[in-house]
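Report on the following structure.
There are 2 protein chains.
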Amino acid sequence: MTPEPSATAELIAVGDEVLAGHTVNSNASHLAIALATVGVEVRWHAAVGDREDDIVDALRRACSRASVVLVCGGLGPTPDDLTRHAAARLLDVPLDESPEALEHMRRIFESMCRSMAESNRRQALFPRGATLMPNDNGTAWGFNIACEGTPCYFLPGVPKELYAMTPGVLRDIAARVEGAALRHVAQLRTVGIGESDMVVRLSELLTRGGDPEVGTYASEGILTIRAIGQRKDEVERLADAIAERLGDLVYTRDDRSLEEVLVRTMSGSGRTLALAESCTGGLVGEMITRVSGSSAVLVEGAVVYSNEAKTRTCGVPAELIERHGAVSEPVSRALAEGMRERTGADYAISITGIAGPTGGTETKPVGLVYIGLADKGGTEVRECRFGANRERNRQRSARTALDMLRRRL
Amino acid sequence: MTPEPSATAELIAVGDEVLAGHTVNSNASHLAIALATVGVEVRWHAAVGDREDDIVDALRRACSRASVVLVCGGLGPTPDDLTRHAAARLLDVPLDESPEALEHMRRIFESMCRSMAESNRRQALFPRGATLMPNDNGTAWGFNIACEGTPCYFLPGVPKELYAMTPGVLRDIAARVEGAALRHVAQLRTVGIGESDMVVRLSELLTRGGDPEVGTYASEGILTIRAIGQRKDEVERLADAIAERLGDLVYTRDDRSLEEVLVRTMSGSGRTLALAESCTGGLVGEMITRVSGSSAVLVEGAVVYSNEAKTRTCGVPAELIERHGAVSEPVSRALAEGMRERTGADYAISITGIAGPTGGTETKPVGLVYIGLADKGGTEVRECRFGANRERNRQRSARTALDMLRRRL
Numbered sequence: 002m003t004p005e006p007s008a009t010a011e012l013i014a015v016g017d018e019v020l021a022g023h024t025v026n027s028n029a030s031h032l033a034i035a036l037a038t039v040g041v042e043v044r045w046h047a048a049v050g051d052r053e054d055d056i057v058d059a060l061r062r063a064c065s066r067a068s069v070v071l072v073c074g075g076l077g078p079t080p081d082d083l084t085r086h087a088a089a090r091l092l093d094v095p096l097d098e099s100p101e102a103l104e105h106m107r108r109i110f111e112s113m114c115r116s117m118a119e120s121n122r123r124q125a126l127f128p129r130g131a132t133l134m135p136n137d138n139g140t141a142w143g144f145n146i147a148c149e150g151t152p153c154y155f156l157p158g159v160p161k162e163l164y165a166m167t168p169g170v171l172r173d174i175a176a177r178v179e180g181a182a183l184r185h186v187a188q189l190r191t192v193g194i195g196e197s198d199m200v201v202r203l204s205e206l207l208t209r210g211g212d213p214e215v216g217t218y219a220s221e222g223i224l225t226i227r228a229i230g231q232r233k234d235e236v237e238r239l240a241d242a243i244a245e246r247l248g249d250l251v252y253t254r255d256d257r258s259l260e261e262v263l264v265r266t267m268s269g270s271g272r273t274l275a276l277a278e279s280c281t282g283g284l285v286g287e288m289i290t291r292v293s294g295s296s297a298v299l300v301e302g303a304v305v306y307s308n309e310a311k312t313r314t315c316g317v318p319a320e321l322i323e324r325h326g327a328v329s330e331p332v333s334r335a336l337a338e339g340m341r342e343r344t345g346a347d348y349a350i351s352i353t354g355i356a357g358p359t360g361g362t363e364t365k366p367v368g369l370v371y372i373g374l375a376d377k378g379g380t381e382v383r384e385c386r387f388g389a390n391r392e393r394n395r396q397r398s399a400r401t402a403l404d405m406l407r408r409r410l
Numbered sequence: 002m003t004p005e006p007s008a009t010a011e012l013i014a015v016g017d018e019v020l021a022g023h024t025v026n027s028n029a030s031h032l033a034i035a036l037a038t039v040g041v042e043v044r045w046h047a048a049v050g051d052r053e054d055d056i057v058d059a060l061r062r063a064c065s066r067a068s069v070v071l072v073c074g075g076l077g078p079t080p081d082d083l084t085r086h087a088a089a090r091l092l093d094v095p096l097d098e099s100p101e102a103l104e105h106m107r108r109i110f111e112s113m114c115r116s117m118a119e120s121n122r123r124q125a126l127f128p129r130g131a132t133l134m135p136n137d138n139g140t141a142w143g144f145n146i147a148c149e150g151t152p153c154y155f156l157p158g159v160p161k162e163l164y165a166m167t168p169g170v171l172r173d174i175a176a177r178v179e180g181a182a183l184r185h186v187a188q189l190r191t192v193g194i195g196e197s198d199m200v201v202r203l204s205e206l207l208t209r210g211g212d213p214e215v216g217t218y219a220s221e222g223i224l225t226i227r228a229i230g231q232r233k234d235e236v237e238r239l240a241d242a243i244a245e246r247l248g249d250l251v252y253t254r255d256d257r258s259l260e261e262v263l264v265r266t267m268s269g270s271g272r273t274l275a276l277a278e279s280c281t282g283g284l285v286g287e288m289i290t291r292v293s294g295s296s297a298v299l300v301e302g303a304v305v306y307s308n309e310a311k312t313r314t315c316g317v318p319a320e321l322i323e324r325h326g327a328v329s330e331p332v333s334r335a336l337a338e339g340m341r342e343r344t345g346a347d348y349a350i351s352i353t354g355i356a357g358p359t360g361g362t363e364t365k366p367v368g369l370v371y372i373g374l375a376d377k378g379g380t381e382v383r384e385c386r387f388g389a390n391r392e393r394n395r396q397r398s399a400r401t402a403l404d405m406l407r408r409r410l
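Chains as they are written, first to last, in the numbering used here: chain X, 2 to 410; chain R, 2 to 410.
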């Protein structure tokens with residue numbers, strides 16, 4: 002058992018679209034991860050629809066059990082937006098119009114060359130006694146107020162607006178909620194290792210419920226390790242120890258994606274890349290070009306799905322494909338080398354494999370992928386055997402290729 | 002106000018990983034959408050951690066207010082998995098071991114050539130009196146039992162397993178829960194129209210709270226329209242009326258993605274496609290090749306990010322790029338035609354634009370994209386002006402290109 006945390010939170014999402022499943026409640030995920038950095042453990046999530054009674058019920062219950070409550074959504078201009086009314090009812094106070102919030106809204110509408118609808122005025126209403134929380138990205142200001150002694154934060158449901166307001170909310174919570182305090186956070190991101198292997202490798206460094214506390218989170222082949230603690234020097238020392246233990250598995254010590262690190266590294270030193278993708282169909286190119294500034298790095302990509310394209314564009318001899326098959330070590334090598342030659346890029350990546358679910362044979366099963374990397378020093382080809390899931394094979398192939406490039410750089 | 006629905010549901014997610022935000026609660030979204038098809042309105046979501054007290058509390062409250070309760074997660078083999086224990090405690094019954102569930106688990110481990118750990122035995126425990134719900138995709142069987150008179154379904158948290166069990170759960174709920182009944186569902190998916198335009202266009206056909214009821218849901222540029230009702234003929238008649246009103250905006254009357262419809266249509270008639278992508282960097286290729294069987298359609302794709310690549314691979318004269326700029330109608334046209342010529346494909350798509358956030362000028366702002374489509378009948382180029390968001394520009398460019406192709410087919 003982990004010890005009882007000193008501060009707990011409940012998150013309440015308000016909105017029919019969340020309840021009905023048309024919007025996934027990603028705000029809850031964002032806030033929970035953020036609250037961990039001020040030492041607050043989220044212990045309850047709730048979602049209710051656009052019904053005043055249900056919002057009041059959820060609020061009352063949350064205030065009775067959590068140290069702090071965060072409510073998202075229901076602050077819009079329509080009659081369905083009832084969060085402010087529910088808060089006022091629970092507190093038994095009237096709603097007052099805020100001249101500052103009204104003025105802010107007028108300016109936003111002006112900047113869009115539109116006049117403000119009368120219905121928007123309700124967005125300037127706040128329960129009497131609330132502290133207003135300006136929103137730079139939309140018309141819905143947030144507010145906070147203690148309900149039955151528990152600090153409650155009411156925030157807009159639009160993720161972009163919520164995210165921008167989160168740091169201010171955290172500072173406020175750290176200052177006001179007993180047991181909460183700004184923590185120091187150190188983060189490392191790794192590629193090429195699974196969560197269970199990581200647990201074994203870090204063993205005693207992975208402390209739960211301690212200070213600093215270390216957690217690992219896997220997402221799309223990237224494993225993030227986060228140390229959170231009250232003392233900066235201790236957090237940094239622990240992160241250093243983890244980084245040393247993991248060596249070159251760590252690709253960054255911040256929040257960046259693997260693609261972003263690669264693009265920055267390569268553009269910083271003027272190096273260029275070309276791609277020859279078969280089973281990934283353009284996924285690696287798509288990932289690289291998500292990064293603004295990738296045009297300085299990516300010279301050209303080829304989606305060479307057909308054998309003819311492999312020959313035409315990457316100069317792979319038809320006879321080589323005939324002899325070894327399109328999914329083979331020699332063809333992967335020829336693809337990478339041919340693409341590098343064609344484009345004059347410093348590095349060329351090739352991916353050829355059987356993504357599935359069909360197309361596998363006894364000797365070449367679904368999930369068999371060859372990944373090639375060519376540069377002036379030579380060509381490396383890695384044989385991978387992934388599983389039967391088409392989409393996962395493609396994702397893992399792309400991630401592995403980028404990791405091979407990272408190690409070469 | 003919509004009338005009070007006859008059957009309401011509460012969804013409870015169990016698991017520290019959901020609470021802490023490392024797993025987004027997409028199961029709730031899946032179940033809520035599914036429950037609408039049996040006339041059950043989800044009115045509350047809750048999530049609690051791996052604490053028996055909290056699970057019992059959440060269950061008790063849900064049973065006191067909902068017509069039916071669905072609980073996901075906490076059925077695994079570890080000591081943290083406490084859902085079965087919480088259910089038994091609330092019901093005040095013991096947990097009994099099920100020989101059938103145990104045998105099922107043994108067979109799964111056998112098929113993986115592994116022996117079953119003793120700890121897995123707890124997955125064969127069920128509250129006395131529960132009806133077991135087999136799980137073909139994992140070791141955790143589900144179960145259902147009435148708690149304080151309310152039917153409760155306990156399901157695994159792994160999405161793949163949960164999704165496979167959902168149809169059985171819906172049939173059971175339709176048969177057991179008062180006010181619930183299997184409904185008829187007709188779905189249309191559209192591309193190329195926004196939600197607010199759709200609302201105007203369908204106007205009186207968009208009935209809320211009626212029977213049949215019509216809802217619209219937007220996701221990634223695709224707008225889905227769903228009619229749900231008790232009588233099949235009425236649902237079909239309404240869907241036909243909507244389809245007629247929308248004409249060629251409708252690309253399918255089932256669940257398929259736009260890419261899938263395109264690949265099936267083209268492979269069915271032996272037609273082929275080539276791509277020349279600049280600002281989308283391989284995104285269109287990636288989307289097309291998500292579809293199994295796309296190798297019969299996609300001949301070749303080129304990610305021609307650099308001007309040199311546009312000339313080298315698509316034969317765009319350097320002089321043309323010099324004169325008009327890479328983001329221009331003539332270059333888009335030359336890219337599509339050059340790619341078609343190079344590959345001999347029946348159709349070629351080109352995309353060249355300024356994705357942002359930098360690179361815009363007075364005359365060519367961020368968001369300006371030219372999309373070309375060439376076939377034997379000629380070449381069409383569409384000028385689009387999207388917004389300032391890089392990722393959204395890329396997505397909208399890709400979607401628009403696929404929609405142009407669909408209309409041409």
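No residue lacks a Cβ here, since even glycine has one placed at the ideal position from N, Cα and C.
How would you write the range of the alpha helix (DSSP H) that residue i sits in, first residue to last?
i        : result
R:Phe110 : Pro100 to Ser112
X:Cys64  : Glu53 to Arg66
R:Ala29  : Ser27 to Ala37
R:Gly1   : In the structure displayed, chain R extends from 2 to 410; residue 1 of chain R sits before or after that span and is not available.
X:Thr344 : Glu330 to Thr344
X:Thr312 : Asn308 to Cys315
X:Leu239 : Lys233 to Leu247
Is there a C-beta anywhere in chain X that falls below 7 angstroms from the one on residue i?
i        : result
R:Ile13  : no
R:Gly158 : no
R:Glu301 : yes
R:Ser27  : yes
R:His86  : no
R:Thr225 : no
R:Thr290 : yes
R:Glu1   : Lying outside 2 to 410, the shown extent of chain R, residue 1 of chain R is not represented and no answer is given.
R:Ala102 : no
R:His105 : no
R:His185 : no
From the DSSP output, in three-state form, read off residue i for me.
i        : result
X:Pro152 : strand
X:Met134 : strand
X:Pro366 : coil
X:Ala219 : strand
R:Asp256 : coil
R:Glu5   : The pLDDT assigned to R:Glu5 is 49, lower than 50, so where the model puts this residue is not dependable; a value taken from the coordinates is nonetheless given after this. DSSP places R:Glu5 in coil when its eight states are reduced to three.
R:Leu207 : coil
On the DSSP letters alone, give me the boundaries of the beta strand (DSSP E) that residue i sits inside.
i        : result
R:Gln188 : His185 to Val192
R:Pro168 : Note, R:Pro168: premise wrong, no beta strand (DSSP E); alpha helix (DSSP H) at Pro160 to Arg177.
R:Cys385 : Gly379 to Arg386
R:Leu299 : Leu299 to Val304
X:Ser120 : Premise fails: X:Ser120 is in no beta strand (DSSP E) and is neither H nor E.
X:Ala402 : Note, X:Ala402: premise wrong, no beta strand (DSSP E); alpha helix (DSSP H) at Arg391 to Arg409.
R:Val49  : Val41 to Val49
For residue i, decide whether its Cβ has a neighbour in chain R, counting only Cβ atoms nearer than 7 angstroms.
i        : result
X:Glu214 : no
X:Tyr154 : no
X:Ala125 : no
Could you check whether the Cβ of residue i sits closer than 6 angstroms to any heavy atom belonging to the ligand HEM?
i        : result
X:Asn145 : Among the components of this structure there are no ligands whatsoever, and the ligand HEM is therefore not found.
At a Cβ threshold of 7 angstroms, is residue i touching chain A?
i       : result
R:Ala33 : Absent from the structure: chain A. Protein chains present are X and R.
Say whether the region 364 to 371 of chain X touches the region 386 to 405 of chain X, bearing in mind that this needs 3 or more beta-carbon pairs closer than 8 angstroms, one atom from each stretch. yes
Evaluate contact between the region 316 to 332 of chain R and the region 241 to 248 of chain R, counting only Cβ atoms and requiring at least three cross-stretch pairs below 8 angstroms. no
Taking the runs of the alpha helix (DSSP H) that are 4 residues or longer, which of them lie wholly in the region 67 to 99 of chain R? 84 to 92
Please confirm if the region 277 to 286 of chain R is in contact with the region 346 to 354 of chain R, defined as three or more CB-CB distances below 8 angstroms between the two stretches. yes
Three or more C-beta pairs closer than 8 angstroms, one from the region 83 to 101 of chain X and one from the region 122 to 129 of chain X: is that the case here? yes
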